[in-house]
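Since the structure comes first, as structure tokens, the remarks are kept for the end.
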Amino acid sequence: MPRRTYVAAIQEALTEEMRRDSRVFLIGEDVRIGVFPSTRGLHAEFGDKRVIDTPISELAVAGAGIGAAVTGLRPIVDLMFGTFLYLAFDQIANQAGAMRFMYGGQTQAPLVFMVQNGAGSSAGHHHSQAVHQFFMNMPQIKVILPSSPYDGKGLLKSAIRDDNPVLFLHSLSLGGKRGDVPPDEYLIPIGVADVKRAGSDVTICAAGPTVYTALDAAATLAAEGVDAEVIDLRSLSPWDKGTVLDSVARTGRFVAVDESFPTCSAASEWAATVAQEAFYQLKAPVQRVTNKDVPMPFSPVLEKAVLPSATDVIKAVRLTLA
Amino acid sequence: MRHQDIPLDTVLDIYTRVLRIRRFEEEVGRLFRQGQLPGFVHLYIGEEAVAAGVCAALTVDDTIISTHRGHGHVIAKGGDIKRMMAELFGKATGYCKGKGGSMHIADFDIGMLGAIGIVGGGLPIAVGAGLSAWYTGSDRVSVCFFGDGAANEGSFHESLNLASTLTLPVVFVCENNQYGEFTPAANAMNITDIADRAAGYGIPGVVADGADAFEMYRVATAAVERARGGDGPTLIEAKTHRRGSHAEGEEAFLGGQTYRDEAETAAAQAKDPLRLLHTYVSENNLLPADLLETLDFETTQLVAEAVEAARNSPDPEIESLYEDLWV
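Protein chains in written order, with my numbering: chain A, 135 to 456; chain B, 17 to 343.
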């Protein structure tokens with residue numbers, strides 16, 4: 135099976151979908167050149183009209199995507215970094231997600247917002263935050279955070295075909311990660327988790343880069359005789375409660391690993407759901423492993439210390455076993 | 017005012033739109049004061065000539081985006097008064113099934129892509145509607161109504177610049193009604209004409225008398241032709257006047273304070289677009305008096321019927337909360 139990097143898999147998804155459907159186009163700053171190589175080469179194949187470079191105007195570009203979507207097109211709006219979504223917040227929070235409901239079902243906004251999410255490249259606070267948790271809080275925006283080339287490609291293709299607004303978050307820190315990507319077309323449904331490692335003692339839930347943190351922790355724990363189940367949620371909104379609750383019903387222990395600041399993190403939502411819906415199956419209090427509660431620092435040493443580590447996960451698992 | 021370049025059926029059409037907005041808004045004001053409408057309403061009285069003139073220059077395929085003060089735009093684009101009124105009452109038969117309300121009315125079938133409650137929130141979406149026309153090679157034009165307040169939002173700058181750099185068929189119609197809520201526009205910008213800002217984006221900026229429906233039609237027609245011809249966007253600044261409150265019942269937010277002087281209000285009354293239009297068409301014998309009377313009677317009836325229908329319509333079912341979510 136062909137091996138692809140994470141960014142190459144995303145590029146493949148974009149290429150295939152743009153070939154398949156002439157309504158699909160890419161818009162954003164420097165998408166022709168492709169700051170993240172995920173959009174590189176598309177302009178050569180699809181030209182000016184379908185790979186549209188714009189001024190640095192996140193708010194207007196996000197809104198233009200919405201306007202194009204409600205008038206029949208299927209835009210992919212590339213806003214580069216997750217933190218840049220803050221500049222476009224009105225269009226995403228007030229308009230894109232709400233408009234179908236607000237206008238009584240008269241319209242739909244089939245568009246994808248695509249940004250890089252999270253830290254790991256020592257880029258400092260403005261270019262290193264994970265932002266998925268904000269958008270999980272908004273009604274009617276789907277949020278995807280894939281951890282592998284395979285998932286990245288399959289989920290992005292589903293996102294482009296989805297008739298709702300979808301926020302597709304890819305991780306800069308995973309950009310060079312290689313994995314198997316089948317040559318034949320496939321789709322991965324939004325909202326379905328993937329059990330990366332089956333286990334019976336504790337359920338560890340993660341998404342994006344923290345999947346690997348959780349798997350590292352699980353490997354260490356296995357050597358100690360602790361059998362951890364690792365669930366990659368892949369989609370954060372909607373998220374696969376069923377798979378998580380089924381797992382907790384078997385393990386009785388739950389650790390949420392999430393690259394967000396702690397308060398109202400994605401982990402908060404997962405932990406609250408498990409505590410509420412699986413309380414009587416739990417053998418120990420749920421645990422959350424998140425970023426430390428400080429802004430993202432520049433120094434590689436400090437940045438690493440802020441992010442959830444395998445050591446943090448192991449400590450949390452031990453708390454559930456104590 | 018002058019009408020000589022405008023066909024007589026268009027004169028009647030424009031007059032009808034202005035009148036319909038006026039009678040609708042007067043009734044909405046009455047209903048609100050009687051406590052019959054939930055939420056807030058922002059009336060378009062005094063500004064009718066802008067929407068009427070601009071929308072008379074559009075085809076049904078052309079799209080518009082509106083604001084929190086949006087009733088006039090919906091009516092001018094050909095919206096159904098009954099469904100509008102039902103929406104203002106929050107009823108299941110309203111345009112948005114009671115989920116949108118006064119500030120969020122849309123009618124996608126007539127190219128009314130929605131009223132947006134956030135000041136400046138509509139400009140980027142209008143750029144997108146223009147982008148869509150450009151992308152598909154359609155000759156559809158996208159019109160964006162917004163106020164003087166929105167002209168101070170970042171979205172104004174980003175949207176005009178983006179539409180200009182991509183040469184999109186968008187007409188930006190700034191309704192300078194002299195007030196952003198309670199703040200005079202003059203206190204919120206150090207220029208006299210918002211249209212001057214067009215120069216910063218390399219597009220034409222036109223000042224028009226927003227009380228003159230014919231002038232609005234004329235400048236809109238030119239801007240629409242330019243957009244349709246592939247020459248890009250235009251910024252039109254309509255000098256208009258908000259006759260009444262920012263929102264009906266605004267006294268509750270003012271705590272006894274005032275923010276307008278009487279002379280200024282009197283000057284606004286003198287430039288009433290409906291009266292100007294009525295006087296003009298009468299004095300120039302364009303439309304006979306009995307036709308105008310009949311029109312007014314029928315419009316008042318239409319509004320009354322809409323109110324009656326809205327009152328008799330059911331509230332939305334609670335279960336409808338879970339409809340119109342995911343596609």
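Ideal Cβ positions, reconstructed from N, Cα and C, are used throughout, including at glycine.
Using 10 angstroms around the beta-carbon of A/V195, count the other beta-carbons present and answer buried if the total reaches 16, otherwise exposed.
buried
Between B/N177 and chain A, is there a C-beta pair that is closer than 8 Å?
yes
Spatial neighbours of A/A352 within its chain, please: CB distance less than 6 Å, with the 5 preceding and 5 following residues excluded, ordered by chain position.
R331, A362 and V364
Within 8 Å of any Cβ in chain B, is that where the Cβ of A/S399 sits?
no
Whose CA, out of B/H262, B/V235 and B/I132, lies closest to the CA of A/G201?
B/I132
For B/E231 and A/I294, I'd like the C-alpha separation in whole angstroms.
45 Å
Residues of chain B with CB closer than 9 Å to the CB of A/N251, please, in chain order.
The premise fails here: A/N251 is roughly 23 Å from chain B at the closest Cβ pair, so nothing lies under 9 Å.
Residues that DSSP places opposite A/T139 in a beta bridge
A/R312
Within a Cβ cutoff of 7 Å, which residues of the same chain sit near B/T34, ignoring the five residues on either side of it in sequence?
Per the sequence shown, residue 34 of chain B should be read as Val rather than Thr. Contacts found: E64, A65, A68, A229, P289, L290 and L293.
May I ask you to report which of helix, strand or coil DSSP gives A/Y346?
helix
For A/D224, decide whether its Cβ has a neighbour in chain B, counting only Cβ atoms nearer than 8 Å.
yes
Rounded to whole angstroms, how far is the Cβ of A/P299 from the Cβ of A/L245, which I believe are closer than 8 Å?
6 Å
Could you have a look at A/E363 and say whether DSSP puts it in helix, strand or coil?
strand
Should B/F162 and B/L139 be called a contact, given that it needs their Cβ atoms to be closer than 8 Å?
yes
Output the distance between the C-alpha atoms of B/E267 and B/G260, rounded to the nearest integer angstrom.
12 Å
What's the call for B/F105, buried or exposed, on a 16-neighbour Cβ count within 10 Å?
buried
Quick one: what does DSSP say B/A283 is sitting in, helix, strand or coil?
helix
Between the segment 258-271 of chain A and chain B, which residues of the former have CB atoms less than 9 Å from a CB of the latter, in chain order?
none
To the nearest angstrom, how far is the alpha carbon of B/A108 from that of A/R234?
16 Å
Helix, strand or coil for A/M478? Go by DSSP, reduced to three states.
Outside the shown range of chain A (135 to 456) lies residue 478 of chain A, about which nothing can therefore be said.
Only counting the same chain, and skipping five residues up and downstream in sequence, which positions put a Cβ closer than 6 Å to that of A/V360?
D335
List the DSSP bridge partners of B/G146.
Looking at the DSSP assignment, B/G146 forms no beta bridge with any residue, so it has no partner.
Beta-carbon proximity of B/E191 to B/G226, cut-off 8 Å
yes
Suppose you measure from the CA of B/T237 to the CA of A/I322; what does that come to, to the nearest Å?
49 Å
Presumed contact (8 Å Cβ cut-off) between B/H87 and A/Y237, rounded CB distance:
Actually they do not touch by this definition, with Cβ atoms about 15 Å apart.
Between which residues of its own chain and A/Q225 is the CB-CB distance below 7 Å, once the five residues before and five after are set aside?
L193, A196, G197 and I200
For chain A, check one thing: does any of its Cβ atoms lie closer than 8 Å to the Cβ of B/D340?
yes
Along chain B, which residues have their Cβ under 7 Å away from the Cβ of A/A198?
P140, V143, G144, L147 and L178
For the segment 108-121 of chain B, list every residue whose C-beta sits within 7 Å of some C-beta in chain A, in sequence order.
Y111, C112, K113, K115, G116 and H120
Three-state secondary structure assigned by DSSP to B/C71
helix
Going along chain A in order, which residues have a C-beta closer than 8 Å to the C-beta of B/T79?
T205
Status (buried if at least 16 other CB within 10 Å, exposed otherwise) for B/P249:
buried
Quick one: does B/F105 have its CB under 8 Å from some CB of chain A?
no
Under 8 Å, Cβ to Cβ, is there at least one residue of chain B near A/S191?
yes
Jot down the residue ranges of each uninterrupted alpha helix (DSSP H) in the segment 374-426 of chain A, minimum 4 residues, whole runs only, in chain order.
375-385 and 400-411
Cβ-based contacts, 8 Å cut-off: residues of the segment 230-246 of chain A near chain B:
M233, R234, F235, M236, Y237, G238, G239, Q240, T241, Q242 and P244
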